[in-house]
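Novice: The structure is given below, and queries will be raised subsequently.
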Ligand code: 0K2
Ligand code: SF4
C-alpha cells in the first residue's frame, strides 16, 4: 500500500535552550564528581525523559530541601529558587549547586535592584509556577505583586503608584505579555521596567518560528511536557497564528493519529526543555505512516552558550 504524502515543517529554532543545556550538564557533572546519589530540588527542567535519564544515573528528584540529607550535594533547578532555599542549605552546611538559568538570575537581580531603589514590584507570571515562586521569593512578602492578565492589573492594590517597577517570567507569550505591560503602563504611567519584558531569547525565537510555520500547517505538534510553561505557550501561539489543531505531545506515543486523518501538512516544534531525540522519534513515527517531505522553517539562528559554574565547595 502506498503511503499518503505529507509535508512535515520543522521549526528552527526548537528544543533545548542554553539554560536547559547548562542545567542538565550541571547534574551530570555533579554525578561524575561526587557519585550518586545527587539530589535535585524540583525537576531540573520540565521533561520526564530528561528526569528519568538522570534518575537512572543516580539523581534523586525531590520537591523541597527538607527531603534531602545534609551530607549529599543538592542542585537547584533551572527555574530558580526563592532566597530562603540557598539560605537554608547554607545553614545546614550542605553542598549545593545552583542550576538557575542566568537569564532567570538576571530577573532576580533586576527585582532586587528595584527594591533597593524603594520600588514595589509587579511580576507578570503564572501563579504557582516555580520560576514565579523563585523570583517573588527574592524579596520579602508583599514586595512583589503578581498579575497574569490585563484584567488583574485593574485589581492591583499598590503602595504608591509613583514607585513601581515590573518584571516578568522568562517563558511567557510575547504577545499576551505585551498586553499586560500596556495595561500596567496605562494605569501606572510612572512604572519602570525592562525595554519590553524579561522573556528570554529562546522563548521569543521559538514563538517566532511557530508563527511562521502555523499558516503553512494543517496541524501542529509541540513536543513538550504539560508542566512546561514555554512549551504550552507554543501551542497557544500556534493556535492564535491560525493553526486550529495544535497539540502538546510528550513523545510519539501521544500522537492522536485519528485526529490527523486527511491532513497534508504538519508543523513540528519542541519546547526549550524537550530533547531532540524525542523530536526525531516523532519524525520517525510520521515516516512510518506517511511519505514525508521534511522542510525546515528557520526564523533565527542561535549561538548562545552558558558556562557551567564552578562548584561552590567540596562536600565535608
Ligand atoms: O517553561 P518552563 O519555565 O515551565 O520550564 P521548562 O519547560 O523546564 O523549560 C526550561 C526553562 C526554565 C526556565 O526558564
Ligand atoms: Fe533560560 Fe530561557 Fe532557557 Fe528558561 S527558556 S532556561 S530563561 S534560556
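In full-length UniProt numbering, the protein residues as written are 1 to 316.
All C-beta atoms in this analysis are idealised placements derived from N, C-alpha and C, irrespective of residue type, glycine included.
Predicted model, so just to flag it, every value in this text is computed and none were measured.
(1) Near the ligand SAH, which residues have their beta-carbon less than 6 Å from any of its heavy atoms, given in chain order?
(2) Report, in whole angstroms, the separation of the C-beta atoms of residue 124 and residue 147, which I expect to be a contact under 8 Å.
(3) Distance, Cα to Cα, residue 83 vs residue 165?
(4) If residue 293 sits next to residue 208, beta carbons under 8 Å apart, how far is it from one beta carbon to the other, in whole angstroms?
(5) Do you know how far the Cα of residue 127 is from the Cα of residue 163?
(6) Can the beta-carbon of residue 24 be found less than 8 Å from the beta-carbon of residue 308?
(7) Could you tell me which residues DSSP pairs with residue 247 in its beta bridges?
(8) For residue 165, which of helix, strand or coil comes out of DSSP?
(9) Please name the residue in 170, 153, 183 whose C-alpha comes closest to that of residue 134.
(10) To which residues does DSSP link residue 265 through a beta bridge?
(11) Around the Cβ of residue 315, are there at least 16 other Cβ atoms within 10 angstroms (buried) or fewer (exposed)?
(12) Would you mind sorting residue 288 into buried or exposed? The rule is 16 or more other CB atoms within 10 Å of its CB.
(13) Grab the span of the alpha helix (DSSP H) containing residue 1 for me, first residue to last.
(14) Could you say which of 81, 303, 297, 109 lies nearest to residue 12 if we only look at CA atoms?
(15) Could you tell me the distance, in whole angstroms, from the CA atom of residue 76 to the CA atom of residue 302?
(16) Are the beta-carbon atoms of residue 15 and residue 252 separated by less than 8 Å?
(17) Please classify residue 139: does DSSP put it in a helix, a strand, or coil?
(18) Can you tell me the Cα-Cα spacing of residue 256 and residue 267, whole angstroms?
(19) Mapping DSSP to helix, strand and coil, what is residue 280?
(20) If we ignore side chains and look at the alpha-carbon of each, how far apart do residue 254 and residue 118 end up?
(21) If I follow the unbroken alpha helix (DSSP H) through residue 120, where does it start and stop?
(22) Check whether the Cβ of residue 293 sits closer than 7 Å to any heavy atom of the ligand SF4, and report yes or no.
Specialist: By the coordinates alone:
(1) Looking at this structure, you won't find the ligand SAH anywhere; what it does contain is the ligand 0K2 and the ligand SF4.
(2) 6 Å
(3) 20 Å
(4) Rounded, the Cβ-Cβ distance is 23 Å, inconsistent with contact.
(5) 23 Å
(6) no
(7) 221
(8) strand
(9) 170
(10) 7
(11) For residue 315, the pLDDT reaches just 49, beneath the cut-off of 50, and the residue's location in the model is therefore unreliable, leaving the point undetermined.
(12) exposed
(13) Counting along the chain, residue 1 falls outside any alpha helix (DSSP H), and DSSP gives it neither H nor E.
(14) 297
(15) 25 Å
(16) no
(17) coil
(18) 15 Å
(19) helix
(20) 49 Å
(21) Element bounds for residue 120: not the alpha helix (DSSP H) but the beta strand (DSSP E), 120-124.
(22) no
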